Amino acid sequence: MKPSVILYKKLPDDLLARLESHFNVTQLNDLSPQTVKQNAAAFAEAEGILGSSEKVDETFLTHTPKLRAASTVSVGYDNFDVAALTARRIALMHTPSVLTETVADTMMMLVLATARRAVEVAERVKAGEWQGSIGPDWFGIDVHHKTLGILGMGRIGLALAQRAHFGFSMPILYNARRHHQEAEDRFDARYCDLDTLLAESDFVCISLPLTEETHHMIGAEQLAKMKSSAILINAGRGPVVDEKALIQALQNGTLHAAGLDVFEQEPLPVNSPLLEMPNVVALPHIGSATHETRYNMAACAVDNLIAALTGEVKENCVNPQVLS
Ligand code: DGY
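Offset between the sequence shown (1-based) and our numbering: plus 26.
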């Protein structure tokens with residue numbers, strides 16, 4: 027008999043067919059307590075789950091005694107209690123490689139959009155304000171040759187460094203848990219401590235996962251160390267930045283602008299002061315959101331679940347110790 031799995035995200039037809047050729051699939055909308063309660067029998071039998079953006083914690087796991095693998099359609103896995111999964115020998119699979127270039131594109135887009143005020147001036151054009159030759163109140167600041175600081179030199183940080191170095195002749199600073207030889211050799215990236223990076227960068231780009239260590243890593247103290255002409259870009263996870271402190275820095279003018287794809291609360295509440303600020307570009311967490319990349323992520327997640335439940339995992343496992 028085929029193993030049972032719960033699918034809590036819509037998949038393209040061909041990927042659903044692939045999943046169904048291996049498993050008995052129960053499709054649900056989410057993993058909310060109500061859904062779990064209403065489908066208790068399916069959760070009790072499930073050996074795998076596949077989806078994204080839902081919390082998987084101790085409480086949830088009490089309803090899934092047969093679970094052997096969880097496959098998330100994302101690179102980030104901060105919504106999973108990895109320790110709880112590992113203690114139950116449940117493999118956690120994610121999609122790290124397929125979205126790298128697309129998320130790096132998003133970060134570079136935020137750098138350009140904030141520096142050149144692309145969203146703000148486009149809105150002014152739509153509002154009919156472009157009535158003659160534009161003056162300095164429409165001008166932005168240059169991106170090329172400015173210093174780009176990257177927090178977190180993982181795959182995405184590296185892809186951003188490549189774009190900035192070759193495309194925009196930007197000197198690269200980076201801070202990470204360890205030196206990254208490839209970034210230094212290929213893109214002349216210079217490793218430095220956080221304070222130096224904050225003080226010297228024209229753009230501070232966050233490409234970090236959310237962990238206990240990175241939670242509010244950028245707060246009032248760190249923002250105060252940045253140049254008042256600097257721009258903060260966050261496409262990692264919202265809670266890496268203390269959003270209240272960021273709002274204050276933007277309101278006080280101690281920070282020039284911010285380009286944000288992620289927020290402490292998502293969707294961003296409609297009454298957030300960030301939405302009132304012309305110097306903030308706020309995106310709805312679109313880092314990887316292209317048709318091609320979202321398809322590739324879903325395909326990767328399907329393959330990951332098949333590999334995990336057939337004992338053939340070669341890559342993409344967050345807690346490989348459970349496989350042995
Ligand atoms: C991820 O995969 O974690 C991204 O945030 C999705 O865009």
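For each residue, glycine too, the CB sits at the ideal point set by N, CA and C.
Just so you know, these numbers come straight off a predicted model, no measurement behind them.
Asked: Counting only the same chain and skipping the five closest in sequence on each side, list residues whose C-beta sits under 7 Å from that of A72.; Found: S30, V31, I32, T90, K92 and L93
Asked: How far does the alpha helix (DSSP H) with N330 in it extend, from its first residue to its last?; Found: H317 to T336
Asked: Any chance the region 214–234 sits against the region 251–261, with 3 or more Cβ pairs inside 8 Å?; Found: yes
Asked: By the 10 Å Cβ neighbour count, where 16 or more other Cβ atoms means buried, how is T336 classified, buried or exposed?; Found: exposed
Asked: Given a cut-off of 8 Å on the beta-carbon distance, is the pair C326 and V124 in contact?; Found: yes
Asked: Which residues share a DSSP beta bridge with R216?; Found: L199
Asked: Among I167, F106 and H206, whose alpha-carbon lies nearest the alpha-carbon of G180?; Found: H206
Asked: Run the Cβ filter for me: residues under 5 Å from any heavy atom of ligand 1, listed in the order they occur in the chain.; Found: S100, V101, G102, G313 and S314
Asked: When we look at the beta-carbon of V296 and count the other beta-carbons within 10 Å, is it buried (16 or more) or exposed?; Found: exposed
Asked: If contacts are defined as beta-carbon pairs under 8 Å, then P38 and Y321 qualify, I think. What distance do you get, rounded to the angstrom?; Found: 6 Å
Asked: Report, in whole angstroms, the separation of the C-beta atoms of I167 and A141, which I expect to be a contact under 8 Å.; Found: 5 Å
Asked: Rounded to whole angstroms, what's the CA-CA distance from E84 to Y103? Just pull it up for me.; Found: 15 Å
Asked: Out of K253, K152 and R212, state which residue places its alpha-carbon closest to the alpha-carbon of D221.; Found: K253
Asked: Using 8 Å for Cβ pairs, my map puts G264 next to E290. What's the rounded Cβ distance?; Found: 5 Å
Asked: Check L57 in the structure and name its three-state DSSP category.; Found: coil
Asked: Considering only the beta carbon of each residue, do L331 and S97 sit closer than 8 Å?; Found: yes
Asked: Would you say A70 and L87 are within 8 Å of each other, going by their C-beta atoms?; Found: no
Asked: Jot down the residue ranges of each uninterrupted beta strand (DSSP E) in the region 267–296, minimum 3 residues, whole runs only, in chain order.; Found: 283–286
Asked: Measure the CB-CB distance between V339 and L136 and report whether it falls below 8 Å.; Found: no
Asked: On a CA-only basis, which of P346, P304, P310 and E341 is nearest E149? Give me that one, please.; Found: P304
Asked: Run through DSSP, which three-state label would S233 get?; Found: coil
Asked: Would you decide whether R203 is buried or exposed? Buried here means 16 or more other CB atoms lie within 10 Å of its CB.; Found: exposed
Asked: Going by other Cβ atoms of all chains shown within 10 Å of its Cβ, with 16 needed for buried, is A153 buried or exposed?; Found: exposed
Asked: If you scan the region 141–183 from start to end, which runs of the beta strand (DSSP E) of 3 or more residues do you find wholly inside it?; Found: 174–177
Asked: With DSSP run on the structure shown, which of helix, strand or coil describes G245?; Found: coil
Asked: Are T219 and N201 touching if we call contact CB-CB under 8 Å?; Found: According to the sequence provided, residue 219 is Asp. The question's Thr does not apply to it. Yes, Cβ-Cβ distance for D219 and N201 is below 8 Å.
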